[in-house]
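Number 479 in my numbering belongs to position 476 of the sequence shown; there are no gaps in the numbering. Ideal Cβ placement from N, Cα and C applies to all residues, glycine included.
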Amino acid sequence: MTSTEPPQKITTSNYGYSKWAKKITPKRVHWLSLVLAALILAWTARNQWFYLDEWSFLVDRSIRPTGDALNIFAGHNGHWSTFTVLGYRLLFKLFGVRTYAPYLVVLFAFHLTLCHFLWRLLLRVGTQAWTAVAAIAIFAVLGAGAENLLWAFQWQLFGPLLFGVGALLLIRTTGRTQRNDVIAAGLLVLAVATSGTAITATAVVAIALFLRRRFHALVFVIGPAALAYSAWFLLVGRNEPSNSYAETLSTNVQNIPAYVWRGLTDAVDLSTGLAGIGAIVIIGITIFAVRQAQPRQEPWPLVLASAAGGVLFLVLVAIARSDFGIFAVAWSSRYIYIVVALLLPLATLAFDHITLKRQLRPIILALLTVTLLVTQISALHSEAVKTASQEQLEKRRFLATAKLANKKTPFLVTNALDIFGITVSAEELITLLRNGDLPGNVNLSPSDFLDARLWTQIALGDVPMVEGPPPLITSFESVELTPDGPECVIASPKSPAPKITLRFPQPSSLSLQNPLGGTLVVTAKNEKGRASRPLVIPAGPQQVLSVAWPARALTITLPFSSPTRLCGVLPPPK
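In structure tokens:
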């Protein structure tokens, strides 16, 4: 006699839960994570504005250049950037600089497309589905790579990586050249016309093809990009000016191992939020690769090529960016982003190898994912707040300067904007304003105009730039004034932050001399606002402070290090 167990009762609630659970697939969660990442990025970057290199592409470039404008083939800091220039010229034609949103949309489109391509690459190399989803969800909001997620210009840096990963996904594992290889070759040509990161992206594809022994395809896929870049370099790139303060090549080569090690470990430290864990992780995944890798068998050509690309990228950065100091940029978020992306295939395979047969793997993966998401979103938010504060200040200064320039206000500087060699002239500002290309919804305060004056109508140099009657010292604080000849006083600090306030009835100049030098802080005030600007006075020689507007109250905070001699001033009334 056989016994049978009664059929398990299926309740409506259990059935509903089972049906709902089946809909939660890795693919759907991946797409949902990209949508949520887009919302997080849009909210986090809402107060960003144009910065540094962007201005060169906005005002100094033209498809049909005239005057001093650069053409679309001129390099940018050693990069061939034609595709980037065309992108910026199109956006500028449509939106001017009235809003930063369209520029950010392009950035987010590049970034999220790269995220999706990386997800497909992880699945291609055998990463477990949920591990791939978690890794890409974290990468999508990578606070350690915040610069590439907040500054719209940075798609030019990682754009070639997007094209390179796309090419990796297209190239075949065996056989002769196919249509996919043709498309891959085209993507690499786009990559080299975007920025120098294309050298790494192209090398990754070349290594993968070499390990697959597809030598004919290697020539066909890599050749067009190599020829295009070589032609650009011979015709344009080799004539680009180089930085005179760059370190020598021999010094760079000597520093490469230390730089690469620091770049790799910093990428892990900052991506996990755990200082010091980078060395353990890098050594661990290296041991895993040495023990498990079979370079000629799939999927290892993709995994090893990508990891080698991360190392190569840091080597190239160590050589090309030596002008900033060999270690000054090792932990730069722009480079961490690239390194993390290239290490993901190897790192996720190593993680799966360690955890796959453990019963607690789902819990470990979930806890690790949540922890890293919180860490990276927090880091992204902190960086966004910090950069937005400075960029909004510069935005208001920029707009106030444009309005002053339009009123033919006399400036003491050649360029209204000059940061690290990126310049915007007063004439370019006026053109932007009159063409309606500047934001029109910003209410500028009196403090904004005072701030603009401090950066355009004040100059510290060897000779006076303005002639006029001497300003009058109206008050002083934490300083003792001693007469020292006609229209001269010695200001001896009595406590930190010694201050002297002057009134300029007309534009004029005064001289300052401090034996030890230091930082002056010039503060302009009126009934409705105030603004400050720091200026550095060198030790020893006399410097002239020129003021090109009748400032009613200009307070100078003097260095505390030693007495300062001021000449061309009237003493305070007794």
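Proximity to Pro574 [Cα-Cα], best of Leu436, Ala308, Ser478 and Gly169: Residue Ser478 is the option with its Cα nearest to Pro574.
With respect to the alpha helix (DSSP H) encompassing Arg215, which residues constitute its N-terminal and C-terminal limits? From DSSP, Arg215 is part of no alpha helix (DSSP H); its letter is neither H nor E.
Alpha helix (DSSP H) runs contained entirely in the region 66–127, provided each spans 4 or more residues: Entirely contained in the region 66–127, the alpha helix (DSSP H) runs reaching 4 residues are, in chain order, 85–98.
For Pro537, which three-state DSSP category applies? Reduced to three states, the DSSP call for Pro537 is strand.
The alpha helix (DSSP H) spanning Arg31 covers which residue range? Its alpha helix (DSSP H) spans residues Pro29 to Thr47.
Should Gln159 go down as buried or exposed, given a rule of 16 or more other Cβ atoms within 10 Å for buried? Buried.
Would you identify the three-state DSSP class for Pro163, choosing helix, strand or coil? In the three-state reduction of the DSSP assignment, Pro163 falls in the helix class.
Does the contact criterion of 3 or more C-beta pairs under 8 Å hold for the region 219–227 versus the region 184–192? In this structure the region 219–227 lies against the region 184–192, because at least three pairs of beta carbons, one per stretch, are closer than 8 Å.
List, from N- to C-terminal side, the alpha helix (DSSP H) runs of 4 residues or more that fit wholly inside the region 406–457. Runs of the alpha helix (DSSP H) inside the region 406–457: 429–437.
Give the straight-line distance between the Cα atoms of Leu164 and Lys26, rounded to the nearest whole angstrom. Each residue's alpha carbon lies about 33 Å from the other.
Taking C-beta to C-beta, are Val427 and Asn438 nearer than 8 Å? Not in contact: Val427 and Asn438 (Cβ atoms no closer than 8 Å).
Residues in its own chain within less than 7 Å of Phe213 by CB, not counting five upstream and five downstream? Sequence-distant partners of Phe213 (beyond 5 residues in either direction) whose C-beta falls short of 7 Å from its own C-beta, in its chain, are Leu221.
Return the Cβ separation of Pro562 and Thr522 in integer angstroms, given the expectation that the two are a contact with Cβ distance under 8 Å. Pro562 to Thr522, Cβ: 6 Å. Contact.
Please classify His356 as buried or exposed, where buried requires at least 16 other C-beta atoms within 10 Å of its C-beta. With fewer than 16 Cβ atoms within 10 Å of its Cβ, His356 is classed as exposed.
Taking only the alpha-carbon atoms, compute the straight-line gap between Tyr54 and Ala41 and give it to the nearest angstrom. Distance between the alpha carbons of Tyr54 and Ala41 is about 22 Å.
Quick one: give me the first and last residue of the beta strand (DSSP E) that Gly464 is part of. Where Gly464 is concerned, the enclosing beta strand (DSSP E) stretches over Ile461 to Gly464.
Residue range of the unbroken alpha helix (DSSP H) whose run includes Val482: Unbroken run through Val482 is the beta strand (DSSP E), Val482 to Pro486; no alpha helix (DSSP H).
Counting C-beta neighbours from all protein chains within 10 Å, is the total for Arg300 16 or more, i.e. buried, or is it exposed? Reading off the sequence shown, one finds Gln at residue 300, where the question assumed Arg. Exposed, because fewer than 16 other Cβ atoms sit within 10 Å of the Cβ of Gln300.
In whole angstroms, what separates the C-alpha of Glu397 from that of Pro566? If I take the Cα positions, the gap works out to 33 Å.
Alpha carbon to alpha carbon, how far is Ile339 from Gly162? Give it in angstroms, no decimals. Roughly 15 Å between the two C-alpha positions.
Helix, strand or coil: which one does DSSP assign to Ser247? With a pLDDT of 42 at Ser247, under the threshold of 50, the predicted position of this residue should be treated as unreliable, though the coordinate-derived value follows. In this structure, Ser247 counts as coil in the three-state DSSP scheme.
Express the C-alpha separation of Arg400 and Val88 in angstroms, rounding to a whole number. Rounded to the nearest whole angstrom, the C-alpha separation of Val88 and Arg400 is 26 Å.
Using the Cβ count rule (16 or more neighbours within 10 Å means buried), how would you classify Glu394? Classification for Glu394: buried.
With Thr47 and Ala405 assumed to form a contact (beta carbons below 8 Å), what rounded beta-carbon distance in angstroms separates them? Contact doesn't hold; Cβ gap of about 28 Å is too wide.
For Leu457 and Ile380, I'd like the C-alpha separation in whole angstroms. Distance from the CA atom of Leu457 to the CA atom of Ile380, rounded to whole angstroms, is 37 Å.
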